[in-house]
Structures are given as C-alpha cells and as structure tokens.
Amino acid sequence: MKLKFLFLFLIIPFICFCQKQLTEDEALSLALKNSAMLNASSLEVDQYKQLQKTAYNFSNPEIMMESPTGEFQTLGVMQSFDFPTVYVKQHQLQKQQTLMAETGKKMTENDIRYQVRSLYLSVQYQELIYKQYKIQDSIYAQIKASALRQFDAGQIDYLVKTMAETQAGEIHNQYIQTETELLVLKSQLQIVTGLKESVTAVEMKRLSQAVNIATVKADTVAIQNNPTLLYFKQQEVLGKKKLSLERNRFLPGFTFGYLNQAGRDTPMDLRFRAGINIPLWFWQYTGSISAAKTGVKIAEQKAIGQQQALSVEMQKAQGDYLKFNQSLTYYETSGLKQTDEILSAAKRFFESGQQDYITYLRNMNEAYLIKLRYAETLKNYNQSVININYLSGNL
12 MKLKFLFLFL IIPFICFCQK QLTEDEALSL ALKNSAMLNA SSLEVDQYKQ
62 LQKTAYNFSN PEIMMESPTG EFQTLGVMQS FDFPTVYVKQ HQLQKQQTLM
112 AETGKKMTEN DIRYQVRSLY LSVQYQELIY KQYKIQDSIY AQIKASALRQ
162 FDAGQIDYLV KTMAETQAGE IHNQYIQTET ELLVLKSQLQ IVTGLKESVT
212 AVEMKRLSQA VNIATVKADT VAIQNNPTLL YFKQQEVLGK KKLSLERNRF
262 LPGFTFGYLN QAGRDTPMDL RFRAGINIPL WFWQYTGSIS AAKTGVKIAE
312 QKAIGQQQAL SVEMQKAQGD YLKFNQSLTY YETSGLKQTD EILSAAKRFF
362 ESGQQDYITY LRNMNEAYLI KLRYAETLKN YNQSVININY LSGNL
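With our numbering, the residue at position 224 of the sequence shown is 235, and numbering never jumps.
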C-alpha cells in the first residue's frame, strides 16, 4: 500500500505538468521546419535552378552514311542552331522562372507565418477566457449551492433560487464550450508544429511591435514588399521575357555540316556545308508573339488587381488597429480597474446583506462581461498588428 502511494506521489507531478509551454517564436520555428508546403517550394526553386542548364539546348547532330557517287560510302554530320540570341533569351527566361519560384517560396513562408501567429493568438485568447470562465464557474457554483440552502431554509423565494441556478448553468455551459474550443485549437497547433505532446501558450499581452501609422496610411507604399504582390509582379516580368524570346525565335537559324558529295580526292574545304533556316511560315511566329503580348497584359492586370485587393485589406487593417488600440487603451487605463472595484464592492455588499442575489448576480455578470470584452479587444488589437505586418511583408 505504501509503495502504491509512493508511486502515485511520484507520477502526479508528471501528469499535471505534461503540457509543454510554447512561445510564439518557437511555434513559428517548428511550423516552418514542419511545413510540407514550404519544403515543396524549396524543391521547386531547386528544380528551376536545375532547368537553367537547359537554356542552351542545341538540337542533336544528324550523323549519316551516304554514297554520293555510287562507288564508296562517306560519313557526314549536320548540326542546326537557332539564332544565338535565342539561347541568351532562354537563359534569361529560366533565371526569371527561378526568381519567381523563390518569390513563391517567400509568399508561402509569409502565409505560414500569418497562419501560425493567428493560430497562436487564438490559443492565447482561448486560454485567457477559459481561465476566466473557470473562476466564474467556481464562484457561481458556490452561489448556487448557497441559494439552494437558503431556499430550503425559507430565506429566499423560488425566483431568486431559479435565477441563481440559471446563471450558474449558463456559466458552466460557457465554461465547457470554451474548454472544448481550446482543446481543438491546441490540437491544431500541435499539427502545424509537429509536436506530439499537448502545448500551452504564453499569456496573451499587447504586442510590442510598433506600427507606423504614417506608413500604414500610405497603403500603396506599405504593401510594396508584400510577397504575394511581388509574386504577381514577377509574373509580369516573366511574361515580358517570354515575349522577348518569341520575338527572337522569328530570327533565322543556321546549319553547319560536313559531307563529301564528290570523289575521294575532293579537297577538304569543299566537303563542308552551311545553310540558313528562314522563318518562311511567319504566321506561326506572329501568332506566338501575339499570344505572348496578351500574356504580358494579363499579368499586368493581375498585378494591378492584386495591388488593389491588398490596398483594401491594408486600409481595413489600419482602421481595425486604430479602433482597437483606442479601445484597449481605455480598458488598460480605467476599464479593468473599475471592473475590479465593481467585483470587490458587489461581494462586500452581498456578504454584508446590503445586496440581494439578483443585484449581486447582475453586478457580477456586468463586471465579467467587461473582462471578456477586454480579452476580445486585446485579441483583435493583436490580430490587427499581425494583419498589418502580414500585408507589409514584415511577419
């Protein structure tokens, strides 16, 4: 029996403290390392770097055996080339495709950073209101038990007892829902970080990153480093390189070769041949050039559209930041202090008999509602900072 008690005494601390506290930066680092999408983006960059070697893609030489005079067999070889600038343009195009893949990787990383920071903030918020509902649940359970005893003793009527039971039941229901939502969010954080054990976040506080409102107001400037916008602009550059390549393909090609078409004693300098490939069927080239021009226009319009969308999002994020910053400042300077005073006074008046159950419950509900509003405002403020940093590419 003593051994069993000792075993329980030793194991309980491990059960109680099995959750791993994770900072936001740690969660972000693990998520980036664990992201299959980011790994795929890295491989795509490697793939385009490997494809750069194919820019100078000469056609295979043609080797032949012929009998030009019918008296002997002679060996010949022919090699065709595009106009030299075609290979230069192909190399430039491959380099731009590699740059686009690198920009795509930055876009993916920025998206992951945004998702992880937002998820981590949700866990912080849910943990905060979970703790608050846990405190409320305990207090309201005590009030309910006290009301039942006083009702049985005939000190309060049925309405007051029912009010206490209803309030306690409502708070307990919110407590259970909050606990369930918290478990779901923690599971999501485990998935993105690749951790096996349950995690808990650091206490939610106002984000310390300073937001330059003067910069934020100039939304078209603030979003210039947004990876998504840079990706669309890189598509525009890529389209122009494709157009340049198609124009150079309209230039003539060349053919060089060696083939003896006379007797064995034909001089060496008469055995070589050279030719030029004239782009006679011009319509196929003009069609490709026209399509490439249209591709540039499409890319330009997509870049403009993306910039407009990001500007709208930046304006909204700026408005949210100003709104929630003002509200949060109110709570931090006076709102929370007044809430604590309300709770303290309500408890004191109730215990001294100066307040009935209904008034006490109403005061408590109002005070805890303010605390919940503060938690929600703090979360919304932090989210607005995350949104601004995401849109400006500074996450």
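Just so you know, even glycine gets a beta-carbon here, dropped at the ideal spot from N, CA and C. Note that the structure is predicted; figures quoted are calculated from it, not measured.
Handout entry: Classification of Pro-263 by the beta-carbon crowding that lies within 10 angstroms, buried from 16 upward
Key = Pro-263 is classed as exposed because its beta carbon has fewer than 16 other beta carbons within 10 Å across all chains shown.
Practice task
Classify Phe-20 as helix, strand or coil using the three-state DSSP reduction.
Solution key: The pLDDT assigned to Phe-20 is 41, lower than 50, so where the model puts this residue is not dependable; a value taken from the coordinates is nonetheless given after this. Three-state DSSP puts Phe-20 in a helix.
Exercise for the section: Taking Leu-196 and Gln-137 to be in contact with their CB atoms under 8 Å, please state how far apart those CB atoms are, rounded to whole angstroms. Expected result: Leu-196 to Gln-137, Cβ: 5 Å. Contact.
Handout entry: With 16 other Cβ atoms within 10 Å as the buried cut-off, status of Gln-319
Key = By the neighbour-count criterion, in which 16 or more other beta carbons inside 10 Å mark a residue as buried, Gln-319 falls on the exposed side.
Handout entry: Lys-51: first and last residue of the uninterrupted alpha helix (DSSP H) it sits in
Key = Here residue 51 is Ala; the residue named in the question, Lys, does not match the sequence. Start and end: 47–62.
Handout entry: Three-state class that DSSP yields for Ser-363 in the structure shown
Key = Reduced to three states, the DSSP call for Ser-363 is coil.
Practice task
Output the distance between the C-alpha atoms of Gln-235 and Met-325, rounded to the nearest integer angstrom.
Solution key: Approximately 11 Å, taken between the alpha carbons.
Exercise for the section: Check Lys-334 in the structure and name its three-state DSSP category. Expected result: It is helical.
Exercise for the section: Evaluate Ser-198 with the Cβ neighbour count: other Cβ atoms within 10 Å of its Cβ, from every protein chain shown; 16 or more gives buried, anything less gives exposed. Expected result: Result: exposed.
Exercise for the section: Can you grab the Cα-Cα spacing for the pair Gln-337 / Glu-214, in whole Å? Expected result: Distance between the alpha carbons of Gln-337 and Glu-214 is about 21 Å.
Problem - Status (buried if at least 16 other CB within 10 Å, exposed otherwise) for Ala-285 - result: It counts as exposed.
Exercise for the section: Work out the CA separation of Lys-216 and Lys-207 for me, nearest whole Å. Expected result: Those two C-alpha atoms are separated by around 26 Å.
Exercise for the section: Look at the Cβ atom of Gln-107, then the Cβ atom of Lys-244, and state whether they are nearer than 7 Å. Expected result: Their beta carbons are not under 7 Å apart, which means Gln-107 does not touch Lys-244 by this criterion.
Handout entry: From Pro-95, Leu-132 and Lys-313, residue whose alpha carbon lies closest to that of Tyr-67
Key = Of the candidates Pro-95, Leu-132 and Lys-313, the residue whose Cα lies closest to the Cα of Tyr-67 is Pro-95.
Handout entry: Reference Gln-185, options Phe-335, Phe-283, Gln-147 and Ser-157, closest by Cα
Key = That would be Gln-147, whose Cα lies nearest to the Cα of Gln-185.
Handout entry: Cβ pair count under 8 Å reaching 3, the segment 169–179 against the segment 367–383
Key = A contact exists between the segment 169–179 and the segment 367–383.
Practice task
Work out the CA separation of Arg-260 and Ser-301 for me, nearest whole Å.
Solution key: Roughly 13 Å separates the two Cα atoms.
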